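Visitor:
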Amino acid sequence: MGLPQVLQAMEAACRRAGRDPREVRLVAVTKGRSVEEIQDKVLRFGSFPLGESRVQEALKKMEVLKAEWHLIGPLQRNKAKFAPRFTLIHSLDSLRLAEALDRVGAKAGMRLKVLVEVNLGREPQKHGFLEEELPEALARIREMEHLSVLGLMTVPPIGPEAVVRPIFRRLSELADRYGLPERSMGMSDDFPIAIEEGATLVRVGRALFVD
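Those letters in the sequence shown? Residues 781 to 991, by my numbering.
If you want it as structure tokens, here you go:
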């Protein structure tokens, strides 16, 4: 597809939904991609946030590439000390991780920006809070002085539009309910649907790198 085509598809989805394209940001998922690939397929077109799933892989690339880095994969508590290197953590999935990040933020003298991950598909193999756990979890996380909760994130079950669209719609409803502006949802196969349902951050990888 390529990055220009992804941006065109994002704009088209915004038009269908009556949204301003400036409301939606592309997070270029660069896991498993070389520095050369990232420069050729992403950064030569402009400045975009780069999303990595693994801390160690991100740290290596940070040494070479100047960019806004997002962590989109699960964060182990023993790697929480690296969180200040990221502009945004998409994957806050437990209170124990929140407490660890709060301590890291305190030590660094900063408020870490996070999204709370919600397992709306109720899949046991996936991370995140269940919907019924969200009210208490958000209340407790919002009390932590060194975390700033900007929004919610979800990864829907693999399936057709009839499966993923209600998941995206529900995440937007929950973000509205709790007064959270950011909704991180949608990947290469379904980002236009996510945008139609209110995504503000779409995490696209394969579509950027596969011609």
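Cβ coordinates follow ideal geometry from the N, Cα and C atoms, glycine included. As the structure is a prediction and not an experimental result, all values here were calculated from the model.
I'd like the list of long-range same chain contacts for V786, defined as Cβ closer than 7 Å, with 5 residues on each side in sequence excluded.
Guide: L806, V984, A987 and L988
Visitor: Roughly how far, in whole angstroms, is the beta-carbon of L930 from the beta-carbon of I921, given that I think they are within contact range, below 8 Å?
Guide: In fact, because the Cβ distance is near 11 Å, the residues do not count as touching under 8 Å.
Visitor: Verify the CB distance criterion: does K811 have a CB-CB separation below 8 Å to chain D?
Guide: No chain D appears in the structure shown, which is made up of a single protein chain.
Visitor: Could you check which residue in A974, S968, E879 and E843 has the C-alpha nearest to that of L783?
Guide: S968
Visitor: Relative to the alpha-carbon of R813, which residue among E832, T980 and F828 has its alpha-carbon at the smallest distance?
Guide: E832
Visitor: Pull up the CB-CB distance for L895 and L881, whole angstroms please, since I reckon it's below 8 Å.
Guide: So it is not a contact: roughly 12 Å between Cβ atoms.
Visitor: Take the Cβ of P972 as the centre, count every other Cβ of all protein chains shown within 10 Å, and call the residue buried at 16 or more, exposed below.
Guide: By the 10 Å Cβ count, P972 comes out buried.
Visitor: Assign E848 to one of three DSSP states: helix, strand, or coil.
Guide: coil
Visitor: Can you give me the C-alpha to C-alpha distance between P936 and V944, rounded to a whole angstrom?
Guide: 6 Å
Visitor: How about I975 and A797: do their beta carbons lie closer than 8 Å?
Guide: yes
Visitor: Given this structure, state the Cα-to-Cα distance separating L877 from K840, to the nearest angstrom.
Guide: 23 Å
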